[in-house]
Structures are given as C-alpha cells and as structure tokens.
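Residues 14 to 374 (this note's numbering) make up the sequence shown, in order.
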Amino acid sequence: MIALERRPAPSAVWRWATPPLAVLLTMVAGGAMFAALGQDPLVAIRTIFWDPLFAEQFASYARPQLLVKAGPLILIAIGLAMGFRAGVWNIGAEGQYIVGAICGAAAGLALYPADTRLILPLMALAGALGGWAWAMIPALLRTRFGTNEILVSLLLVYVAEQLVAAMALGPLRNPDGGGFPGSRNLARWDSSANPELIVGTGMHWGVVAAFIAVIAAHVMFTRHLAGFQIRLMGEAPRAARFGGVRAGRLVILCFGVSGALAGLAGLFEVTGPAGQLNIDFGAGYGFTAIIVAFLGRLHPIGILLAGLLMALTYIGGELAQLTLGLPAAAIQAFQGMLLFFLLGVDVFTNYRLRLGRRRIA
C-alpha cells in the first residue's frame with residue numbers, strides 16, 4: 014500500500030528546489046508532446062528557451078520583448094501572492110486587468126485631444142481604481158455573506174470580457190475608425206503613450222511599476238506588521254484570530270492590492286504594447302500570473318525570476334509557432350504543464366511516501 018505521511022518539518026531546501034525540478038519535468042513532458050506532434054523535441058525546447066536570447070537572428074527583437082511580457086506578469090503576481098499567502102484566493106485577476114484597462118483608457122479618452130503630462134498619471138490612477146473596484150466585489154461578498162471568492166472572482170472574468178467588447182463596440186469606439194471595433198490608438202497619442210524609457214530594452218513605466226512592486230512587497234513581507242499578519246492568517250488562522258488579526262480587513266486589503274496592481278498592469282498594457290482597447294483585449298496575463306506566483310514560491314524575488322522565465326516561454330512559444338509550425342494550443346499546454354508539475358512536486362514538500370502492507374482488521 015502506498016500512503017502519504019505528513020512531514021513533521023518540511024525541508025526548506027526541497028521547497029526551493031521544487032521550481033527548478035518542475036521546470037525540468039515540464040521540459041521532458043513538453044518534449045514528448047512536441048515529438049508526438051512530429052517535431053524534434055530538442056529543437057523545440059531550444060527554440061523556446063535559448064533562441065530568443067542568444068540566436069542572432071531573433072535576439073534583437075526578442076530581448077526587449079522579455080521585459081514587455083514580464084512586466085504585467087510580475088505586477089499581477091505580486092498582488093496575487095499577498096492573497097495566496099493569507100489563504101485568500103483571487104482567481105479573477107484577468108478580469109481586474111481588463112477593467113483597469115477600460116477605466117484607464119476611458120479616463121484618457123474623455124480628455125482627448127488635450128496635451129498635458131498629467132493625463133498618463135491620471136489614467137494610471139483610474140486604472141488602479143478600476144481594478145480595485147472590480148476586486149472589491151468578491152472581497153465584500155466573502156466578508157459580508159461568506160461566498161466563495163474563487164467562484165465569484167473567476168466568473169467576473171467573463172463579465173469583464175463582455176464589458177470590454179461592449180466598450181470597444183460602443184462608448185469607447187474610435188469615431189474615426191470607419192466603424193471598426195476598438196478605441197483610438199493610445200500609444201500614438203503623446204499624452205497617453207507609454208513608450209520605451211530606454212530604447213531597445215523594452216523598459217516602460219509598467220516595467221518600472223513591476224520592479225517597485227517587487228521591492229515594496231519584499232519590505233512589507235519582511236519588515237512590516239501587515240506582512241506578518243498575512244503570513245499568520247495563511248498558516249495558522251486560529252492563532253491569527255487569537256492574536257487579534259481581523260480576517261475581514263486582511264481579505265479586503267489583499268483583494269484591494271491585487272486588484273489595483275492588476276488594473277495598473279492593464280492600463281500600462283493598453284497605453285503601450287497593445288495600444289488600444291479591442292473586443293479581445295484580454296491576453297491571459299491574469300491566469301498566467303497565478304503560475305508565476307507559485308513558481309516564485311510567493312516570494313517577491315522568486316516572482317521576479319519566475320515572471321522573466323514565463324515571459325521567455327511566451328516569446329519562445331511565438332517563435333516556435335512561427336519557425337516550427339507548432340500550434341498555439343501546444344504552447345499553452347506546455348505552459349500549463351509547468352503549474353501541474355509544480356503542484357505535483359510540491360506535494361512532496363509537506364508529505365513523504367510510505368510503502369507498506371495493508372493491515373487486515
């Protein structure tokens with residue numbers, strides 16, 4: 014008989030070794046999948062992880078894209094990590110990302126064609142407030158009525174997707190666009206544009222915000238009382254209650270911060286790389302950020318590294334589709350394998366396998 018036995022003291026070394034092991038297992042399983050699709054697995058893995066950074070014919074384009082893709086992933090994952098540490102499961106960051114983009118774009122378009130440097134900061138504030146307000150729906154429903162925040166936050170993603178489609182076809186549609194869905198191109202309007210700060214690096218204000226969020230989260234988790242309370246609530250809820258921690262306030266805090274950061278990520282995306290709102294604005298960053306948060310062990314520095322790795326799979330995946338003809342679904346499955354293997358290997362952080370004979374009563 015095979016049984017799982019809880020470890021009395023989980024190994025810290027094993028805990029940090031599981032992400033690299035999960036990546037290795039993902040490469041093995043992904044290679045088998047690529048082989049089944051008729052591709053050389055070694056070539057496919059090299060195309061995803063090596064060529065975007067070191068192949069001369071691709072690096073000039075791919076290297077700047079690394080920060081462009083990693084910025085929103087890191088920004089959203091930092092907010093999610095706060096909640097996950099506290100046992101608060103915000104699965105709807107994608108919806109908060111979309112609503113933040115809608116609110117930020119609406120604030121800017123309401124002032125079009127004004128020419129002032131205050132417009133982008135105003136849009137950033139509106140984007141953060143939009144994401145925060147959307148996150149408050151599952152937060153308040155949980156604290157006031159005891160609803161399941163996983164289901165509520167997830168279902169709100171589909172509401173947000175319908176909302177952005179309605180905005181792109183209605184109030185925010187470009188009046189000079191000839192009837193085509195989508196807003197004005199915000200990246201071409203100087204007052205709302207979010208261009209590269211250092212040419213050729215991919216560094217824009219969204220990436221700067223992501224780095225600031227990493228530093229702020231690290232300080233909070235290691236130096237601030239709120240960080241201790243979040244950890245206590247996640248690891249020992251009963252002890253947290255006896256210690257005077259107000260669970261409802263922490264739920265509101267975690268949802269609010271994660272929603273605001275997701276909204277900011279949406280705003281910086283719509284004013285930079287995406288450029289405009291359209292009917293399919295959502296890029297899946299909110300869901301991929303969940304993988305980034307867990308791959309980074311819910312630690313700010315780990316999330317920074319995991320975000321860069323996941324961004325590399327985005328860029329390498331696009332390159333594999335272009336040069337090898339791999340389907341997009343295969344790349345998405347490859348990314349999903351990473352979370353699957355991470356969670357699977359994580360079991361052995363807290364449990365060990367025991368082999369023995371079944372006892373007969």
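For glycine and all other residues, C-beta sits at the position ideal for the given N, C-alpha and C.
| Exposed or buried, Pro65, counting other C-beta atoms within 10 Å across all chains shown (16 or more means buried)? | The residue given as residue 65 occupies position 52 in the sequence shown. It is buried - the Cβ of Pro65 has at least 16 other Cβ atoms within 10 Å.
| Residues that DSSP places opposite Ile15 in a beta bridge | One-based indexing of the sequence shown puts residue 15 at position 2. According to DSSP, which records beta bridges pairwise, Ile15 is partnered with Leu368.
| query | Excluding five sequence neighbours on each side, which residues of the same chain lie with their C-beta closer than 6 Å to the C-beta of Ser166? | reply | Translated into the one-based positions of the sequence shown, residue 166 becomes position 153. For Ser166, where only same-chain residues beyond five positions count, the Cβ hits under 6 Å are Asn103, Ile104, Gly105 and Pro151.
| Hey, Met216 and Ala99 are a contact pair by Cβ (cut 8 Å); roughly how many whole angstroms apart? | Against the sequence shown, residue 216 aligns to sequence position 203. Against the sequence shown, residue 99 aligns to sequence position 86. Between Ala99 and Met216 the Cβ distance is about 32 Å, and since that is not below 8 Å, they are no contact.
| request: Measure the beta-carbon distance from Thr39 to Val358 and round it to whole angstroms, keeping in mind my assumption that it falls under 8 Å. | output: Mapped onto the sequence shown, residue 39 falls at position 26. Mapped onto the sequence shown, residue 358 falls at position 345. Wrong, their Cβ atoms sit about 10 Å apart, outside the cutoff.
| message | So, at 8 Å on beta carbons, what are the nonlocal neighbours of Ala343 in its own chain, with the 5 sequence-adjacent residues on each side left out? | response | On the sequence shown, position 330 is the one that residue 343 refers to. Within the same chain, Ala343 has close Cβ partners Met46, Phe47 and Leu50.
| Whose C-alpha, out of Gly121, Gly288 and Leu176, is nearest the C-alpha of Gln109? | By one-based count along the sequence shown, residue 109 stands at place 96. If we check each option's Cα against that of Gln109, Leu176 comes out closest.
| If we count the other Cβ atoms within 10 Å of its Cβ and call it buried at 16 or more, is Thr235 buried or exposed? | On the sequence shown, position 222 is the one that residue 235 refers to. Classification of Thr235: exposed, given that the 10 Å Cβ count is below 16.
| field | Host alpha helix (DSSP H) of Met246 (start-end) | value | In the sequence shown, residue 246 corresponds to position 233, counting from 1. It spans Leu238 to Glu248 - the alpha helix (DSSP H) in which Met246 sits, taken as one unbroken run.
| query | What separation, rounded to the nearest whole angstrom, lies between the Cα atoms of Arg259 and Glu248? | reply | As a first step, residue 259 is located in the sequence shown; it is residue number 246 there, counting from the start. As a first step, residue 248 is located in the sequence shown; it is residue number 235 there, counting from the start. One C-alpha to the other measures close to 15 Å.
| query | Along the chain, where does the alpha helix (DSSP H) that runs through Pro54 open and close? | reply | Here residue 54 refers to the residue found at position 41 when the sequence shown is read from its first residue. Element bounds for Pro54: Pro54 to Phe62.
| request: Give every residue of the same chain whose Cβ lies closer than 8 Å to the Cβ of Leu17, excluding the five residues on either side of it in the sequence, and list them in chain order. | output: As a working note, residue 17 is residue 4 in the sequence shown. Closer than 8 Å at Cβ, skipping near neighbours: Val360, Tyr364, Arg365, Leu366 and Arg367.
| Straight-line gap, Gly285 to Leu337 (C-alpha atoms, nearest Å) | For the purposes of this step, residue 285 is taken as residue 272 along the sequence shown, with counting starting at 1. For the purposes of this step, residue 337 is taken as residue 324 along the sequence shown, with counting starting at 1. Their backbone Cα atoms lie some 29 Å apart in a straight line.
| From Gly143, Ala120 and Leu86, residue whose alpha carbon lies closest to that of Val112 | As a first step, residue 112 is located in the sequence shown; it is residue number 99 there, counting from the start. Comparing Cα-Cα distances from Val112 to each of Gly143, Ala120 and Leu86, the minimum goes to Gly143.
| query | Are Gly330 and Ala319 closer than 8 Å when you measure CB to CB? | reply | The count along the sequence shown starts at 1 and reaches residue 330 at position 317. The count along the sequence shown starts at 1 and reaches residue 319 at position 306. Their beta carbons are not under 8 Å apart, which means Gly330 does not touch Ala319 by this criterion.
| message | Taking the beta carbon of Gln289 as the centre, do at least 16 other beta carbons fall within 10 Å, making it buried, or is it exposed? | response | Within the sequence shown, numbered from 1, the residue matching residue 289 stands at position 276. When all chains shown are included, Gln289 counts as buried.
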